[in-house]
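Residue numbers (this note's numbering): 1155 to 1522.
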């Protein structure tokens, strides 16, 4: 049954009392009453996402071995309520898969995802619906993320319609206008009945942001939200995200391949390589004191405003290994400028560097 609504939003829903919750499942009533325990909105433990490798018919006849792409390979981290956590890494490292899995858009192979202390994998279908209302996503390409045949009003109002959150057209229009203004499209009423082709790239991305914030979510996964935009427009979008964090208390998982962007916007940085988080910590601490060779290489090529500054750049050689055939030992060792013999034999574990700063490198374990 659809949620009963009046005026400003969801009221008591008889379906909550009739929902059948069995076998340790978590229902809508429990989810709606959940609050953030401590400071963490999310607690991810040993998350794994594997995809089967498709084989040709002939190969499948001669081989029964199943191969897997280990897109996300046993990662653990937390996301604090009201913080911006940047997930940084090269294309193919698993950062987008991680974000999509948190929202239930990809099926996890193993591990646990806790949201407000509740395990997402145990949610009932009704609870999943409520969960997705609280957790939204901004896709990378604004040109393909919105329907070109719909007006801006229809695009932003669709989440309200799907979740039955408004009782009349006037309330729906007020919430859409407010979302567009929060996204920086002012005056909002001038944009309501335009079509996407009438907007610039930056304006389209703002429409995508409005579509996410119109539901007033706790969490937004921003998947390369400024990658396709001009530098001048990027700054406005990043400022908007920080404003939402400060004024609305929105938590962001900011996915990017550009460490310089993460440095500007995030509270903490998690550096990902080939399905693993190799370093994580407070942004300033990680940038000032990188301990993993991969993080050092990324930071060494960040542009600086002083053209006379002399810096040593670390240029990685070779390509990222195939995630279906991950190297033994440390998965970064084929490209690592500080590689040791033991790196190909032993997989590193996280070592505490300072406070909440952790890195996974054998050199931190005392090897040299």
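Ideal Cβ placement from N, Cα and C applies to all residues, glycine included.
- request: Could you spell out where the alpha helix (DSSP H) holding residue 1312 opens and where it closes?
  value: 1306–1316
message: Tell me whether the segment 1296–1315 and the segment 1342–1353 touch, counting them as touching only if at least three CB pairs, one residue from each stretch, are closer than 8 Å.
response: yes
query: Of all the options 1219, 1471, 1233, 1284, which has the alpha carbon lying nearest to the alpha carbon of residue 1187?
result: 1284
query: Looking at residue 1515 and residue 1447, is the spacing between their C-beta atoms short of 8 Å?
result: yes
- prompt: What is the DSSP secondary structure of residue 1164, reduced to helix, strand or coil?
  reply: Only weak support is given to the placement of residue 1164: the predicted model assigns it a pLDDT of 38, under 50, and the value that follows is read from those uncertain coordinates. Strand at residue 1164.
query: Rounded to a whole number of angstroms, what is the C-alpha to C-alpha distance between residue 1326 and residue 1443?
result: 49 Å
field: Residue range of the unbroken alpha helix (DSSP H) whose run includes residue 1385
entry: 1385–1402
query: In its own chain, which residues sit with a C-beta less than 8 Å from the C-beta of residue 1275, not counting the 5 before and 5 after it?
result: 1262, 1266, 1267
message: Taking only three categories from DSSP, how would you classify residue 1232?
response: strand
query: Between 1292, 1288, 1512, 1508, which lies nearest to residue 1314 when the distance is taken from Cα to Cα?
result: 1288
task: State the beta-bridge partners of residue 1292 as determined by DSSP.
output: 1376
field: Bounding residues of the alpha helix (DSSP H) (the contiguous stretch that carries residue 1447)
entry: 1447–1454
- request: Indicate whether residue 1455 and residue 1449 have their beta-carbon atoms separated by less than 8 Å.
  value: no
message: Looking at residue 1242: is its Cβ nearer than 8 Å to the Cβ of residue 1416?
response: yes
- prompt: Would you call the CB atoms of residue 1290 and residue 1366 closer than 8 Å?
  reply: yes
Cross-strand partners of residue 1405 (DSSP beta bridge): 1373
message: Looking only at its chain, what residues have a beta carbon closer than 7 Å to the beta carbon of residue 1178, apart from the 5 residues adjacent to it on each side?
response: 1276
message: Let me check one thing: in DSSP terms, what residues is residue 1205 bridge-paired to?
response: 1223
DSSP bridge partner residues for residue 1344 (one or two, in chain order): Paired residue(s): none; residue 1344 is not in a bridge.
- prompt: Can you tell which of 1337, 1488, 1498, 1481 has its C-alpha closest to the C-alpha of residue 1393?
  reply: 1337
task: Rank 1472, 1391, 1374 by C-alpha distance to the C-alpha of residue 1381 and give the top, closest one.
output: 1391
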